[in-house]
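*Asks:*
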Amino acid sequence: MIPAAYPQLRLDAAALDHNIRVMADWCKTHDVALAPHVKTTMSAPVIERQIAAGAVGVTVATIDQVATVLGWGHNTVLIANQVVDPFGLARLRAWLAAEPERKIRCFVDSAAGIAAANRVFGAHGPALEVLLDIGTPGGRTGIRDPEQARRTAELVRAAPGLRLVGVAGYEGVAPNTRTDETIAAVDEHCRRVRDVYLDVAGLFETDRPVYSMGGSAFPDRVVDFLPTDDDVPGTIRLLRSGCYVTHDHGVYARVSPIPGLVPALAVRAVVVSAAEDGTAVVGAGKRDLPYDTETPILLSASTAAGQDKSGVRGRVRSLYDHHTVLSDAWNLEVTDVVEFGISHPCSAFDRWPEYLITNDHGDVIDVWHTDFRRSSIDTALSESASQRVSESASQREELTLPS
110 MIPAAYPQLR LDAAALDHNI RVMADWCKTH DVALAPHVKT TMSAPVIERQ IAAGAVGVTV
170 ATIDQVATVL GWGHNTVLIA NQVVDPFGLA RLRAWLAAEP ERKIRCFVDS AAGIAAANRV
230 FGAHGPALEV LLDIGTPGGR TGIRDPEQAR RTAELVRAAP GLRLVGVAGY EGVAPNTRTD
290 ETIAAVDEHC RRVRDVYLDV AGLFETDRPV YSMGGSAFPD RVVDFLPTDD DVPGTIRLLR
350 SGCYVTHDHG VYARVSPIPG LVPALAVRAV VVSAAEDGTA VVGAGKRDLP YDTETPILLS
410 ASTAAGQDKS GVRGRVRSLY DHHTVLSDAW NLEVTDVVEF GISHPCSAFD RWPEYLITND
470 HGDVIDVWHT DFRRSSIDTA LSESASQRVS ESASQREELT LPS
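Residue numbers for the sequence shown follow our numbering, so the first one is 110 and each next one is one higher.
1. Measuring alpha carbon to alpha carbon, tell me which residue in 189, 228, 401 and 205 is nearest residue 240.
2. Would you report the Cα separation of residue 155 and residue 373, rounded to the nearest angstrom?
3. Looking at C-beta atoms only, is the number of pairs between the stretch 243-260 and the stretch 225-235 that lie closer than 8 Å three or more?
4. Is residue 407 helix, strand or coil by DSSP?
5. Just how far apart, CA to CA, sit residue 66 and residue 397?
6. Decide if residue 279 is buried, meaning its Cβ has at least 16 other Cβ atoms within 10 Å, or exposed.
7. Given a cut-off of 8 Å, decide if residue 464 and residue 120 are closer than it, judged by their beta-carbon atoms.
8. Are residue 433 and residue 387 closer than 8 Å when you measure CB to CB?
9. If you draw a straight line from the alpha carbon of residue 341 to that of residue 311, how long is it in whole angstroms?
10. Pick helix, strand or coil for residue 137, following the three-state DSSP scheme.
11. Spatial neighbours of residue 380 within its chain, please: CB distance less than 6 Å, with the 5 preceding and 5 following residues excluded, ordered by chain position.
12. Kindly confirm or deny that the stretch 409-419 and the stretch 362-371 touch, where touching means at least three C-beta pairs closer than 8 Å.
13. Where do the N-terminal and C-terminal ends of the alpha helix (DSSP H) with residue 329 fall, by residue?
14. Starting from residue 222 and walking both ways along the alpha helix (DSSP H), at which residues does that stretch end?
15. Can you grab the Cα-Cα spacing for the pair residue 165 / residue 384, in whole Å?
16. Determine the DSSP secondary structure at residue 153, reduced to helix, strand or coil.
17. In terms of residue numbering, what span does the beta strand (DSSP E) encompassing residue 458 cover?
18. Between residue 233 and residue 268, what straight-line distance do the alpha-carbon atoms span, to the nearest angstrom?
19. How far does the alpha helix (DSSP H) with residue 174 in it reach, from first residue to last?
20. To the nearest whole angstrom, what separates the beta carbons of residue 424 and residue 408, a pair I think is in contact under 8 Å?
21. Around the Cβ of residue 285, are there at least 16 other Cβ atoms within 10 angstroms (buried) or fewer (exposed)?
22. Less than 8 Å separating the beta-carbons of residue 461 and residue 118?
23. Report all residues from its chain with a CB closer than 6 Å to the CB of residue 428; omit the five preceding and five following residues, and keep chain order.
24. Would you mind reading off the limits of the beta strand (DSSP E) that contains residue 433?
25. Could you tell me the boundaries of the alpha helix (DSSP H) in which residue 481 lies?
26. Skipping 5 residues on each side, what residues in its chain have a beta carbon closer than 6 Å to that of residue 359?
27. With a CB to CB cut of under 7 Å and the five nearest residues on each side skipped, what residues in its chain are close to residue 332?
28. Are the CB atoms of residue 152 and residue 477 nearer to each other than 8 Å?
29. Tell me which residues share the same chain as residue 115 and place their Cβ nearer than 6 Å to its Cβ, disregarding the 5 neighbours each side in the sequence.
30. At the level of alpha carbons, what is the spacing between residue 247 and residue 406?
31. Note down, one range per segment and in chain order, each beta strand (DSSP E) of at least 3 residues found wholly within the stretch 324-380.
32. For residue 148, does the count of other Cβ atoms within 10 angstroms reach 16, so buried, or fall short, so exposed?
33. In terms of DSSP beta bridges, what is residue 65 paired with?
34. Looking only at its chain, what residues have a beta carbon closer than 6 Å to the beta carbon of residue 283, apart from the 5 residues adjacent to it on each side?
35. Are the beta-carbon atoms belonging to residue 217 and residue 261 less than 8 Å from one another?
36. Whole-angstrom Cβ separation of residue 345 and residue 122, contact assumed at under 8 Å?
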(Lines of atoms letter the chains of each structure in order from A and count residues from 1; the text may use other names and numbers.)
(Lines give C-alpha, C1' and ligand atoms only; values in the text may rest on other atoms or scores of the structure.)
Protein backbone atom coordinates (compact mmCIF):
# COMPACT_ATOMS: atom_id res chain seq x y z
CA MET A 1 0.00 0.00 0.00
CA ILE A 2 1.29 3.46 -0.94
CA PRO A 3 1.42 5.93 1.99
CA ALA A 4 -0.10 9.35 1.36
CA ALA A 5 -0.76 12.50 3.33
CA TYR A 6 -4.24 13.84 4.05
CA PRO A 7 -6.42 15.18 2.55
CA GLN A 8 -6.67 12.76 -0.39
CA LEU A 9 -8.66 12.57 -3.59
CA ARG A 10 -9.34 8.86 -4.08
CA LEU A 11 -10.58 7.07 -7.20
CA ASP A 12 -11.93 3.52 -6.95
CA ALA A 13 -10.39 1.66 -9.91
CA ALA A 14 -13.07 -1.02 -10.06
CA ALA A 15 -15.87 1.54 -9.99
CA LEU A 16 -14.13 3.57 -12.70
CA ASP A 17 -13.82 0.56 -15.02
CA HIS A 18 -17.40 -0.43 -14.25
CA ASN A 19 -18.75 3.00 -15.22
CA ILE A 20 -16.76 3.03 -18.45
CA ARG A 21 -18.25 -0.36 -19.40
CA VAL A 22 -21.76 0.71 -18.45
CA MET A 23 -21.58 3.85 -20.60
CA ALA A 24 -20.01 2.03 -23.54
CA ASP A 25 -22.79 -0.56 -23.46
CA TRP A 26 -25.48 2.12 -23.15
CA CYS A 27 -24.11 3.99 -26.17
CA LYS A 28 -23.95 0.80 -28.21
CA THR A 29 -27.52 -0.08 -27.32
CA HIS A 30 -28.75 3.36 -28.36
CA ASP A 31 -26.60 3.55 -31.52
CA VAL A 32 -24.65 6.64 -30.51
CA ALA A 33 -20.94 7.33 -30.56
CA LEU A 34 -19.11 8.84 -27.59
CA ALA A 35 -16.38 11.47 -27.50
CA PRO A 36 -16.20 12.03 -23.73
CA HIS A 37 -15.67 15.54 -22.44
CA VAL A 38 -12.33 15.00 -20.75
CA LYS A 39 -12.33 18.35 -18.95
CA THR A 40 -13.88 16.27 -16.15
CA THR A 41 -10.59 14.55 -15.33
CA MET A 42 -7.84 15.77 -17.68
CA SER A 43 -6.03 12.61 -16.66
CA ALA A 44 -4.31 10.41 -19.24
CA PRO A 45 -4.94 6.98 -17.66
CA VAL A 46 -8.68 7.65 -17.41
CA ILE A 47 -8.91 8.83 -21.00
CA GLU A 48 -6.94 5.82 -22.24
CA ARG A 49 -9.54 3.54 -20.66
CA GLN A 50 -12.41 5.48 -22.24
CA ILE A 51 -10.82 5.19 -25.69
CA ALA A 52 -10.08 1.49 -25.18
CA ALA A 53 -13.76 0.94 -24.40
CA GLY A 54 -14.82 2.38 -27.74
CA ALA A 55 -14.85 6.18 -27.48
CA VAL A 56 -14.27 7.61 -30.97
CA GLY A 57 -12.35 10.67 -29.81
CA VAL A 58 -12.30 13.24 -27.03
CA THR A 59 -14.07 16.51 -26.33
CA VAL A 60 -12.34 19.48 -24.70
CA ALA A 61 -13.24 23.04 -23.80
CA THR A 62 -10.07 25.07 -24.43
CA ILE A 63 -7.09 25.38 -26.73
CA ASP A 64 -4.73 24.41 -23.90
CA GLN A 65 -6.73 21.22 -23.39
CA VAL A 66 -6.28 20.48 -27.09
CA ALA A 67 -2.52 20.81 -26.63
CA THR A 68 -2.60 18.41 -23.69
CA VAL A 69 -4.63 15.66 -25.37
CA LEU A 70 -2.58 15.92 -28.56
CA GLY A 71 0.47 15.35 -26.39
CA TRP A 72 -1.21 12.21 -25.06
CA GLY A 73 -1.63 10.95 -28.62
CA HIS A 74 -5.34 11.65 -29.19
CA ASN A 75 -5.80 13.13 -32.66
CA THR A 76 -9.60 13.25 -32.94
CA VAL A 77 -10.65 16.24 -30.87
CA LEU A 78 -13.88 18.21 -30.64
CA ILE A 79 -13.67 21.63 -28.99
CA ALA A 80 -17.14 22.18 -27.52
CA ASN A 81 -16.62 25.91 -27.72
CA GLN A 82 -15.92 28.77 -30.09
CA VAL A 83 -12.33 29.75 -30.86
CA VAL A 84 -12.16 33.39 -31.93
CA ASP A 85 -8.81 34.80 -30.77
CA PRO A 86 -6.06 34.95 -33.44
CA PHE A 87 -3.47 33.14 -31.36
CA GLY A 88 -5.77 30.28 -30.47
CA LEU A 89 -6.82 29.90 -34.10
CA ALA A 90 -3.19 30.01 -35.20
CA ARG A 91 -2.37 27.16 -32.83
CA LEU A 92 -5.19 25.13 -34.38
CA ARG A 93 -3.91 25.86 -37.87
CA ALA A 94 -0.37 24.86 -36.94
CA TRP A 95 -1.50 21.58 -35.39
CA LEU A 96 -3.64 20.68 -38.41
CA ALA A 97 -0.87 21.59 -40.85
CA ALA A 98 1.68 19.52 -38.93
CA GLU A 99 -0.41 16.33 -38.94
CA PRO A 100 -2.94 16.18 -41.81
CA GLU A 101 -4.64 13.08 -40.37
CA ARG A 102 -5.73 15.01 -37.29
CA LYS A 103 -9.37 15.97 -36.87
CA ILE A 104 -9.74 19.01 -34.63
CA ARG A 105 -13.16 20.62 -34.85
CA CYS A 106 -14.84 23.48 -33.01
CA PHE A 107 -18.16 25.32 -32.75
CA VAL A 108 -19.30 28.55 -34.39
CA ASP A 109 -22.36 30.69 -33.67
CA SER A 110 -21.77 34.08 -35.29
CA ALA A 111 -20.66 35.92 -38.39
CA ALA A 112 -17.93 37.61 -36.36
CA GLY A 113 -16.55 34.27 -35.16
CA ILE A 114 -16.58 32.86 -38.67
CA ALA A 115 -14.78 35.89 -40.05
CA ALA A 116 -12.15 35.66 -37.30
CA ALA A 117 -11.48 32.02 -38.11
CA ASN A 118 -11.38 32.62 -41.84
CA ARG A 119 -8.80 35.40 -41.46
CA VAL A 120 -6.43 32.84 -39.94
CA PHE A 121 -7.21 29.82 -42.10
CA GLY A 122 -7.93 31.49 -45.45
CA ALA A 123 -8.05 29.75 -48.79
CA HIS A 124 -4.73 27.91 -48.54
CA GLY A 125 -3.59 25.19 -46.18
CA PRO A 126 -5.78 23.10 -43.88
CA ALA A 127 -9.44 23.98 -43.44
CA LEU A 128 -11.06 24.34 -40.03
CA GLU A 129 -14.02 22.01 -39.66
CA VAL A 130 -16.85 23.55 -37.64
CA LEU A 131 -20.24 22.68 -36.18
CA LEU A 132 -23.07 25.17 -35.75
CA ASP A 133 -23.65 25.74 -32.03
CA ILE A 134 -27.38 25.92 -31.23
CA GLY A 135 -28.15 27.56 -27.90
CA THR A 136 -31.11 28.15 -25.61
CA PRO A 137 -32.76 31.47 -24.68
CA GLY A 138 -31.08 32.82 -21.56
CA GLY A 139 -28.39 30.15 -21.83
CA ARG A 140 -24.75 30.31 -22.82
CA THR A 141 -23.30 30.32 -26.33
CA GLY A 142 -25.18 29.27 -29.42
CA ILE A 143 -27.53 30.50 -32.11
CA ARG A 144 -31.05 31.18 -30.83
CA ASP A 145 -33.02 31.61 -34.06
CA PRO A 146 -33.45 28.90 -36.77
CA GLU A 147 -33.29 31.47 -39.55
CA GLN A 148 -30.04 32.81 -38.13
CA ALA A 149 -28.73 29.25 -38.03
CA ARG A 150 -29.43 28.88 -41.73
CA ARG A 151 -27.69 32.18 -42.53
CA THR A 152 -24.71 31.19 -40.38
CA ALA A 153 -24.42 27.85 -42.18
CA GLU A 154 -24.43 29.66 -45.52
CA LEU A 155 -21.72 31.99 -44.26
CA VAL A 156 -19.53 29.03 -43.31
CA ARG A 157 -19.98 27.67 -46.83
CA ALA A 158 -18.83 31.03 -48.19
CA ALA A 159 -15.67 31.03 -46.07
CA PRO A 160 -12.83 29.33 -48.00
CA GLY A 161 -10.93 28.41 -44.83
CA LEU A 162 -13.84 26.69 -43.09
CA ARG A 163 -15.90 23.56 -43.67
CA LEU A 164 -19.34 22.92 -42.22
CA VAL A 165 -19.43 19.38 -40.83
CA GLY A 166 -22.34 19.33 -38.41
CA VAL A 167 -24.57 20.82 -35.73
CA ALA A 168 -24.26 20.70 -31.95
CA GLY A 169 -26.34 21.58 -28.93
CA TYR A 170 -26.08 21.40 -25.17
CA GLU A 171 -29.12 20.46 -23.14
CA GLY A 172 -27.25 20.63 -19.82
CA VAL A 173 -27.94 24.33 -19.27
CA ALA A 174 -31.32 23.25 -17.92
CA PRO A 175 -31.56 22.75 -14.14
CA ASN A 176 -30.22 19.37 -13.05
CA THR A 177 -33.63 18.09 -12.02
CA ARG A 178 -36.12 15.80 -13.68
CA THR A 179 -39.26 17.81 -13.12
CA ASP A 180 -41.85 17.90 -15.88
CA GLU A 181 -40.91 21.52 -16.58
CA THR A 182 -37.22 20.73 -16.95
CA ILE A 183 -37.83 17.70 -19.16
CA ALA A 184 -40.09 19.78 -21.39
CA ALA A 185 -37.37 22.43 -21.74
CA VAL A 186 -34.73 19.80 -22.54
CA ASP A 187 -37.02 18.19 -25.12
CA GLU A 188 -37.67 21.54 -26.75
CA HIS A 189 -33.95 22.24 -27.06
CA CYS A 190 -33.25 18.79 -28.49
CA ARG A 191 -36.07 19.28 -30.99
CA ARG A 192 -34.69 22.69 -31.99
CA VAL A 193 -31.18 21.33 -32.57
CA ARG A 194 -32.52 18.46 -34.67
CA ASP A 195 -34.68 20.80 -36.74
CA VAL A 196 -31.68 22.98 -37.54
CA TYR A 197 -29.62 19.91 -38.42
CA LEU A 198 -32.24 18.75 -40.89
CA ASP A 199 -32.65 22.24 -42.35
CA VAL A 200 -28.94 22.81 -43.06
CA ALA A 201 -28.09 19.23 -44.06
CA GLY A 202 -27.78 20.22 -47.71
CA LEU A 203 -24.95 22.59 -46.79
CA PHE A 204 -22.72 20.03 -45.05
CA GLU A 205 -19.28 19.66 -46.62
CA THR A 206 -18.76 16.05 -45.60
CA ASP A 207 -20.44 12.70 -46.20
CA ARG A 208 -20.18 11.94 -42.47
CA PRO A 209 -21.87 14.91 -40.79
CA VAL A 210 -21.90 15.11 -36.99
CA TYR A 211 -24.94 15.63 -34.79
CA SER A 212 -23.62 16.22 -31.28
CA MET A 213 -25.28 16.75 -27.90
CA GLY A 214 -23.99 16.80 -24.31
CA GLY A 215 -25.72 13.79 -22.84
CA SER A 216 -24.52 13.75 -19.23
CA ALA A 217 -27.70 14.52 -17.28
CA PHE A 218 -30.34 13.89 -19.96
CA PRO A 219 -28.99 11.32 -22.43
CA ASP A 220 -32.36 9.54 -22.49
CA ARG A 221 -34.00 12.70 -23.80
CA VAL A 222 -31.22 13.31 -26.33
CA VAL A 223 -31.59 9.89 -27.94
CA ASP A 224 -35.34 10.41 -28.38
CA PHE A 225 -34.61 13.25 -30.80
CA LEU A 226 -31.68 11.86 -32.78
CA PRO A 227 -31.75 12.25 -36.55
CA THR A 228 -31.66 8.95 -38.42
CA ASP A 229 -29.81 7.81 -41.52
CA ASP A 230 -33.10 8.21 -43.37
CA ASP A 231 -33.10 11.86 -42.34
CA VAL A 232 -29.46 12.56 -43.23
CA PRO A 233 -27.42 9.63 -44.60
CA GLY A 234 -24.07 9.04 -42.93
CA THR A 235 -24.92 10.95 -39.73
CA ILE A 236 -22.58 10.42 -36.78
CA ARG A 237 -24.70 10.72 -33.63
CA LEU A 238 -22.19 11.88 -31.04
CA LEU A 239 -22.53 12.36 -27.28
CA ARG A 240 -20.00 14.38 -25.28
CA SER A 241 -20.81 12.95 -21.82
CA GLY A 242 -17.95 13.22 -19.34
CA CYS A 243 -19.17 13.00 -15.74
CA TYR A 244 -20.40 9.41 -16.09
CA VAL A 245 -16.82 8.21 -15.75
CA THR A 246 -16.78 8.81 -12.00
CA HIS A 247 -20.47 9.58 -11.42
CA ASP A 248 -21.02 11.22 -8.00
CA HIS A 249 -22.94 11.21 -4.73
CA GLY A 250 -25.06 14.26 -5.57
CA VAL A 251 -26.33 15.80 -8.81
CA TYR A 252 -25.72 12.92 -11.19
CA ALA A 253 -26.71 10.32 -8.62
CA ARG A 254 -30.16 11.93 -8.68
CA VAL A 255 -30.65 12.83 -12.33
CA SER A 256 -28.70 10.34 -14.45
CA PRO A 257 -31.07 7.89 -16.15
CA ILE A 258 -28.31 5.42 -17.03
CA PRO A 259 -28.75 2.39 -14.77
CA GLY A 260 -25.73 0.89 -13.05
CA LEU A 261 -23.43 3.90 -12.70
CA VAL A 262 -21.75 4.04 -9.27
CA PRO A 263 -19.85 6.79 -7.42
CA ALA A 264 -16.13 6.25 -7.93
CA LEU A 265 -14.69 9.40 -6.35
CA ALA A 266 -14.24 10.47 -2.73
CA VAL A 267 -12.11 12.75 -0.57
CA ARG A 268 -10.61 11.63 2.73
CA ALA A 269 -9.47 14.03 5.42
CA VAL A 270 -8.76 14.12 9.15
CA VAL A 271 -10.82 15.64 11.95
CA VAL A 272 -8.50 18.32 13.35
CA SER A 273 -10.74 19.94 15.95
CA ALA A 274 -13.91 19.30 17.92
CA ALA A 275 -13.98 22.29 20.22
CA GLU A 276 -17.78 22.43 20.61
CA ASP A 277 -20.33 19.70 21.19
CA GLY A 278 -22.02 18.71 17.92
CA THR A 279 -19.29 20.30 15.82
CA ALA A 280 -16.29 18.77 14.06
CA VAL A 281 -13.72 20.56 11.92
CA VAL A 282 -12.10 18.59 9.11
CA GLY A 283 -8.76 19.45 7.51
CA ALA A 284 -10.03 19.89 3.95
CA GLY A 285 -11.87 22.81 2.40
CA LYS A 286 -12.54 24.78 -0.77
CA ARG A 287 -9.05 24.02 -2.07
CA ASP A 288 -9.78 20.29 -1.86
CA LEU A 289 -13.55 19.77 -2.25
CA PRO A 290 -15.91 20.85 -5.03
CA TYR A 291 -18.83 22.98 -3.89
CA ASP A 292 -20.10 24.69 -7.05
CA THR A 293 -23.36 22.73 -7.13
CA GLU A 294 -23.67 21.16 -3.66
CA THR A 295 -21.54 20.77 -0.58
CA PRO A 296 -19.81 17.44 0.13
CA ILE A 297 -21.64 14.59 1.85
CA LEU A 298 -20.21 12.75 4.86
CA LEU A 299 -20.10 9.06 3.92
CA SER A 300 -18.17 7.34 6.68
CA ALA A 301 -15.44 7.63 9.29
CA SER A 302 -12.71 5.48 10.81
CA THR A 303 -10.22 5.81 13.61
CA ALA A 304 -6.64 6.83 12.92
CA ALA A 305 -5.78 3.13 13.21
CA GLY A 306 -8.23 2.31 10.42
CA GLN A 307 -11.11 0.84 12.41
CA ASP A 308 -14.51 1.65 10.95
CA LYS A 309 -16.78 3.73 13.17
CA SER A 310 -20.54 3.25 13.28
CA GLY A 311 -23.24 5.77 14.01
CA VAL A 312 -21.31 8.75 12.72
CA ARG A 313 -23.10 11.72 11.26
CA GLY A 314 -22.51 15.32 10.30
CA ARG A 315 -23.48 17.81 7.64
CA VAL A 316 -21.41 20.53 6.08
CA ARG A 317 -22.15 23.89 7.66
CA SER A 318 -19.24 25.98 6.36
CA LEU A 319 -16.37 25.60 3.92
CA TYR A 320 -13.15 27.58 4.29
CA ASP A 321 -9.94 27.36 2.27
CA HIS A 322 -8.58 24.38 4.16
CA HIS A 323 -11.30 23.54 6.69
CA THR A 324 -14.81 22.14 6.61
CA VAL A 325 -17.07 22.66 9.61
CA LEU A 326 -19.59 19.90 10.28
CA SER A 327 -22.65 20.61 12.38
CA ASP A 328 -24.94 18.01 13.91
CA ALA A 329 -21.74 15.97 14.26
CA TRP A 330 -21.90 12.73 16.19
CA ASN A 331 -19.25 10.20 17.19
CA LEU A 332 -16.45 12.13 15.48
CA GLU A 333 -13.21 12.75 17.35
CA VAL A 334 -9.91 14.47 16.64
CA THR A 335 -7.63 12.23 14.48
CA ASP A 336 -10.61 10.35 12.98
CA VAL A 337 -10.48 9.97 9.21
CA VAL A 338 -13.68 10.93 7.38
CA GLU A 339 -14.67 10.22 3.81
CA PHE A 340 -16.72 12.70 1.79
CA GLY A 341 -18.75 11.99 -1.30
CA ILE A 342 -18.77 14.82 -3.82
CA SER A 343 -21.19 16.32 -6.29
CA HIS A 344 -20.25 17.37 -9.83
CA PRO A 345 -16.87 15.76 -10.54
CA CYS A 346 -15.94 18.42 -13.13
CA SER A 347 -14.82 20.68 -10.32
CA ALA A 348 -13.07 18.00 -8.27
CA PHE A 349 -10.09 16.91 -10.35
CA ASP A 350 -8.84 20.40 -11.15
CA ARG A 351 -7.97 20.84 -7.47
CA TRP A 352 -5.54 17.91 -7.49
CA PRO A 353 -2.29 17.59 -9.50
CA GLU A 354 -2.20 13.97 -8.34
CA TYR A 355 -4.73 11.60 -6.83
CA LEU A 356 -4.83 8.10 -5.38
CA ILE A 357 -6.11 4.93 -7.05
CA THR A 358 -7.67 2.37 -4.72
CA ASN A 359 -8.64 -1.27 -5.00
CA ASP A 360 -11.74 -3.11 -3.79
CA HIS A 361 -10.44 -3.04 -0.21
CA GLY A 362 -9.71 0.69 -0.24
CA ASP A 363 -5.96 0.15 -0.39
CA VAL A 364 -3.96 2.69 -2.39
CA ILE A 365 -2.41 0.89 -5.35
CA ASP A 366 -1.28 3.73 -7.63
CA VAL A 367 -0.97 7.48 -8.07
CA TRP A 368 -2.32 9.15 -11.20
CA HIS A 369 -1.93 12.76 -12.33
CA THR A 370 -4.02 15.48 -13.87
CA ASP A 371 -2.94 18.19 -16.29
CA PHE A 372 -4.96 21.41 -16.10
CA ARG A 373 -2.01 23.64 -16.93
CA ARG A 374 -2.62 26.86 -18.82
CA SER A 375 -0.11 28.14 -21.33
CA SER A 376 0.21 31.64 -22.73
CA ILE A 377 2.78 30.60 -25.31
CA ASP A 378 3.19 27.68 -27.66
CA THR A 379 6.65 26.81 -28.88
CA ALA A 380 5.10 24.53 -31.50
CA LEU A 381 3.77 27.60 -33.28
CA SER A 382 6.59 28.85 -35.43
CA GLU A 383 7.51 32.51 -35.87
CA SER A 384 6.57 32.28 -39.53
CA ALA A 385 3.11 31.00 -38.65
CA SER A 386 2.68 33.81 -36.14
CA GLN A 387 3.73 36.32 -38.79
CA ARG A 388 1.22 34.92 -41.28
CA VAL A 389 -1.53 35.21 -38.70
CA SER A 390 -0.57 38.81 -37.90
CA GLU A 391 -0.48 39.80 -41.56
CA SER A 392 -3.79 38.06 -42.27
CA ALA A 393 -5.53 39.63 -39.28
CA SER A 394 -4.26 43.08 -40.23
CA GLN A 395 -5.96 42.83 -43.59
CA ARG A 396 -9.36 42.62 -41.82
CA GLU A 397 -11.04 40.79 -44.66
CA GLU A 398 -14.73 40.78 -43.83
CA LEU A 399 -17.18 38.20 -45.09
CA THR A 400 -20.74 39.13 -46.03
CA LEU A 401 -23.78 36.95 -45.66
CA PRO A 402 -24.95 35.35 -48.89
CA SER A 403 -28.12 36.94 -50.19
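Glycine included, every Cβ here is placed at the ideal spot set by N, Cα and C.
*Replies:* In short, the structure shows the following:
1. Measuring C-alpha to C-alpha distances from residue 240 to each of 189, 228, 401 and 205 identifies 189 as the nearest.
2. 12 Å
3. no
4. strand
5. One cannot answer for residue 66 here, as it falls past the ends of the chain, which runs 110 to 512.
6. buried
7. yes
8. no
9. 9 Å
10. helix
11. 389, 391, 441, 443 and 445
12. no
13. Looking at the DSSP string, the run of the alpha helix (DSSP H) that includes residue 329 is 328-332.
14. 220-230
15. 53 Å
16. helix
17. Element bounds for residue 458: n/a, residue is neither H nor E.
18. Cα-Cα distance, rounded: 12 Å.
19. 172-180
20. Incorrect: roughly 12 Å between the Cβ atoms, too far for contact.
21. buried
22. yes
23. 394, 395 and 400
24. 433-439
25. Per DSSP, residue 481 belongs to no alpha helix (DSSP H) and is neither H nor E.
26. Result list for residue 359: 403 and 452, in chain order.
27. 139 and 141
28. yes
29. 378 and 379
30. 31 Å
31. 345-348
32. buried
33. Residue numbering for the chain in the displayed model covers 110 to 512; residue 65 lies beyond these limits and cannot be assessed.
34. Cβ neighbours of residue 283 within its own chain (closer than 6 Å, five residues either side excluded): 291, 294 and 295.
35. In terms of Cβ geometry, residue 217 and residue 261 form a close pair [threshold 8 Å].
36. Residue 345 to residue 122, Cβ: 31 Å. No contact.
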